[in-house]
Amino acid sequence: MSFISPWFLFGLLGIAIPVYLHLYYRKTPVRKEFPSLRLIKLSVEYVARRRKMRNLLLLALRVLAIILVVMTMARPFIGQSASAGASSATPAAFVVLLDNSMSMGSIHQGISVYNTARSRALEILDQMQADDRATVGLINDPGRLVFPQLTWDSEALKKSIANAPLSMAGTNLASSILPALKLLAPLPNYRRAVYVITDMTESAWKPFVEKYDLARVDKGIDLIMVPAGGTAPENLAVTGLEVDAPVIMSGRKVPVKIKVANHAVRARKARLTLSVNGERKFDREIEIEAGQEKETTIEVAFAKTGMNHLVAALPADALPYDDERHIAARVFEPCRVLLVRPDNNPGQPENREDIFVRFALNPLNRSKENNFVVESRGSGEVKTLDPKNYAAVVLINQRHLDADFVRRLSDYLLAGGNLITFLGDRSEPDWYNKHLIDDLGGGYLLPARIFKRVGNAVSKTVGYQLTDLDAGHPAFSLFARDGNGDPGRAQIFEFFQVRPNPTAMLLSRMSHGLPGIVEEKRGRGRSMLVTFTADTSWTNWPVRPTWLPFLHQTLISMITASDVNIGSIRPGMPVSATISAEANDKIVLKLPDGSEKAVSTQVAAQGLIHFTTRDTDQAGYYEIRTGGGKNLVTAFAVNPPPEESRLERINLRKIPRFIPLTHEAGRGPGVKEKVSRLRDGYDLGGAALLVLALLALFESWAANLPAAKKGDY
C-alpha cells in the first residue's frame, strides 16, 4: 500500500487525544461503608466491569476513527506501478513497443500471436486521455520507434500499429527499449511507462537481461510486460542450407548440406524436400530427436549454368516462416585453362615443364566431371588462339611471345581474364619488363618488374622457404587451418628478384625477405607472378602435397573473383555490390513475391556501377537484373535467423523490474481495465470514508448504551 498525500500521516499523532481523555476521566472507585449485603456488593462489581469493557471499546473505536480520518486525507491506494502514486490528474507519457519479429508469426489456439499482440497494443492506446503523450515502436532487428517523439495524436499511433507488418527478422530488444527509456527520462512530471508486447522468447530476452542491468532503470518509469501467446508450440525449422564446394561446375555432383532443428520435447518425423530451380531433387522422411539438430547431405548435379535457386522445405507447422530456406548458387562451365609451355629446342626431347601444373589440375585429362579442362600449347601454337575462350592462361618459363598474342592477352586480362606467370631459366628480365610492362602502358601484364636471379638450382646448397603467407588470400587461406599442410616446408633453390608494382599484393616472401609470389588486380582481371619454376628444376614444391590445393584455390579464386558474391543476408539488411553495366543502364531488383523495384546506382568506374538496396524484408530468392529487367546478373537469398525458431518462453521472474500484465481471452477483466488499474491503482480513500461513517454510527450507539439493564441489580 502507498499514499498519494503521505504527509497527512502525521495526523496519526492525534491518537493520543482519546487515549489521554480515557485515562483522565477514568473513574477511581471510592471506598464507602455499606451494610454487609452480599447482593449489593455483587451488583456494584458487575456494573464496574461492564463500564470498563465499554470504555475500552469506545477508546478503540475513537482511535480507529482518527486513523481512518488521517488515512482518508492521505489518500491510500494499492498499486504495483509508480504511475499509481501520482494524482489522477497527472498526464501520462508512455511508449508501446510491439514485437513484430518472425517468432510472433506462430499460431496459438488457431490465432496468430502477432494479431493478438496488435489488438492488445490498440487496447493500450485506447487508454490515452486528452493530455497524454505517447509513441509506438517495433522490436524486430533493427528495432525502432515509429515516431521519434511523443505525440498526442492517438489515431496516428493506432494506424501505425494496424499497418505494422510482421517482419522475417529476429528480435532486438535493446534497439527499441533503450530509446524508449531515453525518450521518457526527461519527463518526471508525467506518469511514465513502457509497455512491451512480446511472446517472451528466451533466445531474445536472456541475452538482453544478461547485458543490461534493468534494476538501474529510473524507478519513476514503469516497465510493463504484456505477454502474447501461451506456451511455446512445437516447432520444426530448416536452420541451414549450403553447397559444400568452393566452386560449382555444371554436370558435376557436389554435396548440399541441410540442417533441420527440432524445438520440441519429443522426437518428430517430417518430410524434407530439396528443389533446384523448381525441380525436386530430394524427398525423404527424416526423424529428429527432441531438442536436437540433424544434418542431411545430398549429392546434387547442376545442369544449368549461371544462377540457381535452391530451396529446402518442411511441411508447414505452428511457425510456417522457418519451414523453408533458400540459397542462390552460381554454376560455372568446367573451366578451360590454357597452359603456354616453352617450345621444344631442335634435337631436344619434348618439353615437359607443364606436367606438374597439368596433372595437378586434371590428372586424368577428363573433359567431364572435373573442375578444369586443360589445354597445353607451345608458345608458337598460341599465335592464333583467342585467350577469351579460356578462364585462365598460365605462362610457363617463356622466353619470347608473339606481339599480337601479347596484345590479345592484355585485352583479355583487362576485360576480366586471369593470368599466372611462372619464371625459369629461359626468362629474360629485360624482355619481360619491356614487352609485358613498358610497351603496353596501362595494359601491362605483370604485377612486378623482374631483375636478377638469386640462388643456385644446380648445386642446391642453399634452400629458401616461402614465409609471410597471406592467410587472408584464397590461395593460402586453406593452409591457415591445422592439418592442411604448410607450403613453407617446400624448398626453393633459385628464383628471380622482383619489385612489386605499387598496387600489387605480396602474397608471400622468401625466407630472407625478397618477394616470392605477387598478385595484382588488372582491370577486371587478375595477374599473378611466381618468381620460380612450375616444375622441379628450381624447387621441390610441385612434388609436395600442398602444390595441388595451392593451384586449385588460386584458379578458383581468380575465376570466381568477378562473380558478385552476396553472402548470407538476414531480413532488413542492406545489400551492396558492384556489377558490370553501363552508367545509364537500369538496374531492377526482383523480389521473392515476383514484384520488381528499381535500384539506386552510382558509377564506380568505366563499365562498372555500384548499387545498394534495402528492400530485403521478405525471405526468399532475389534477382538483380540489368537492361530494365531482361538480363540476370546475380542473385542472392534472404533467410530468417535460426535463433528465431526457438520459441521457448522465459520465466517472468527472470526479468527484473518488469510488471506482468497477463490476460486470457474470455477470462477476467480485459486489457483496457487492467491497464487502467495498473496506471491508477486502487484508491482506498472512498472505502475509508464509508468505514468511517459506519464506525461513527456504531460509536454513537455504543456510547449511549446504559451501564446495566434493569433487573441486573
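Counting with this note's numbering, you get residues 404 to 1116 for the letters of the sequence shown.
Cβ atoms here follow ideal geometry from the backbone N, Cα and C, with glycine treated the same way.
Collapsing the DSSP output to three states places Gln894 in coil. Setting aside the 5 residues that flank it on each side, Arg683 is surrounded in the same chain by Thr676, each with a C-beta closer than 7 Å to its C-beta; the list follows chain order. Boundaries for Met961: no beta strand (DSSP E) harbours it, while the alpha helix (DSSP H) harbouring it runs Trp950 to Ala964, taken from the DSSP string. Per DSSP, reduced to three states, the secondary structure at Asp686 is strand.
Taking C-alpha positions only, Ser1048 is separated from Met505 by approximately 8 Å. Ranked by Cα distance from Ala565, the options Val499, Ser862, Leu1055 and Thr708 are led by Val499.
The alpha-carbon separation between Lys989 and Pro995 amounts to approximately 20 Å.
With a threshold of 16 other beta carbon atoms within 10 Å, Gln956 meets it and is buried. For Ala704, the enclosing beta strand (DSSP E) starts and ends at Glu696 to Ala704.
Sequence-distant Cβ neighbours of Asp789 in its own chain, meaning closer than 7 Å and more than five residues away, are Arg811. Secondary structure at Thr519: helix, using DSSP grouped into helix, strand and coil. Distance from the CA of Lys863 to the CA of Arg902, rounded to the nearest whole angstrom, comes to 24 Å.
In the displayed model, His838 falls within a helix according to three-state DSSP. Pairing Asp841 with Tyr847, the inter-Cα distance amounts to about 7 Å. Scanning its chain for C-beta atoms nearer than 6 Å, with the 5 sequence neighbours on each side dropped, one finds around Glu696 the residues Lys662 and Ala664, in chain order.
Rounded to whole angstroms, the separation of the alpha carbons of Pro610 and Ser491 is 37 Å. By the Cβ neighbour-count rule, Asp529 is exposed, with fewer than 16 other Cβ atoms within 10 Å of its own. Taking 3 residues as the shortest admissible run, the stretch 736–809 contains the following complete beta strand (DSSP E) segments, listed from N- to C-terminal end: 738–744, 775–781 and 795–799. Excluding residues up to 5 positions away in sequence, Leu848 and Leu849 lie with their Cβ nearer than 6 Å to the Cβ of Leu839 in the same chain. Between the alpha carbons of Arg536 and Arg595 lies a gap of roughly 10 Å. Of the residues Ile470, Asp556, Asn638 and Glu605, the one whose Cα lies closest to the Cα of His511 is Asn638. Between the alpha carbons of Leu525 and Leu1035 lies a distance of about 44 Å.
Contact between Asn836 and Arg852 holds, with the beta-carbon distance rounding to 5 Å and staying under 8 Å. Here DSSP, grouped into helix, strand and coil, assigns Ile470 to helix. Taking 7 Å as the cut-off, the beta carbon of Leu822 is found no closer than this to the beta carbon of Ser971. Taking all protein chains shown into account, Ala618 has fewer than 16 neighbouring C-beta atoms within 10 Å of its C-beta and is therefore exposed. Residue environment analysis places Asp625 among the buried positions, since at least 16 neighbouring C-beta atoms fall within 10 angstroms of its C-beta. Taking 7 Å as the cut-off, the beta carbon of Asp938 is found no closer than this to the beta carbon of Pro948. Within the DSSP secondary-structure output, Lys656 pairs in a beta bridge with Ala704.
In the structure shown, the three-state DSSP call for Lys614 is helix. Counted as a single uninterrupted DSSP element, the alpha helix (DSSP H) harbouring Ser563 occupies residues Ser557 to Asn566. For Lys672, the enclosing beta strand (DSSP E) stretches over residues Arg671 to Val679. Runs of the beta strand (DSSP E) lying entirely within the stretch 808–886 and spanning at least 3 residues, in chain order: 821–825 and 851–858. Under the 10 Å beta carbon count, Met456 is surrounded by fewer than 16 other beta carbons and is classified as exposed. Contact between the stretch 462–469 and the stretch 1094–1104 is present: 3 or more CB-CB pairs across the two stretches fall below 8 Å. Remark: C-beta atoms of Pro630 and Asp647 do not approach each other more closely than 7 Å.
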